[in-house]
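First residue of the sequence shown: 31, per my numbering; consecutive thereafter. See below for the structure under consideration.
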Amino acid sequence: MALADFQTTTTTGAERRGIFTRIFDSLVAIAENNHRVRRVQHLSALSDAQLAQRGLKREDIARHVFRDVLYI
């Protein structure tokens, strides 16, 4: 005798988006765990007066943090 087992599964759009969302979330998590990104976030949270005490302007934060790896 032959035994047959039929099971149908359908993928919904939400499940497919879930995969891409998980991949994107993973990439964001990797980026956010970068010490340079954390440094940019820290400096961005400072007031303009606090930045001035450090000799920085708000528009120069990324240039300052990435100065040794990016020539901007």
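Glycine is no exception: its CB is placed at the ideal position from the N, C-alpha and C atoms. These figures come from a predicted structure and were not determined experimentally.
Exposed unless 16 or more other CB atoms sit within 10 angstroms - verdict on residue i
{"i": "VAL99", "result": "exposed"}
Own chain partners of residue i with C-beta closer than 8 Å, once the 5 adjacent residues on each side are dropped
{"i": "LEU86", "result": "LEU73, HIS94"}
Proximal residues to residue i (C-beta, below 6 Å), its chain only, five neighbours per side dropped
{"i": "GLU62", "result": "none"}
C-beta contact flag for residue i and residue j at 8 Å
{"i": "ALA92", "j": "VAL70", "result": "yes"}
Coil, strand or helix - residue i by DSSP
{"i": "ASN96", "result": "The question names Asn, but residue 96 is Phe in the sequence shown. Here PHE96 sits in coil by DSSP."}
{"i": "LEU73", "result": "helix"}
{"i": "ARG66", "result": "helix"}
{"i": "LEU86", "result": "coil"}
Sequence-distant residues of its chain with Cβ nearer than 7 Å to residue i (five each side left out)
{"i": "ARG66", "result": "VAL95, PHE96"}
Residue range of the unbroken alpha helix (DSSP H) whose run includes residue i
{"i": "LEU81", "result": "78-83"}
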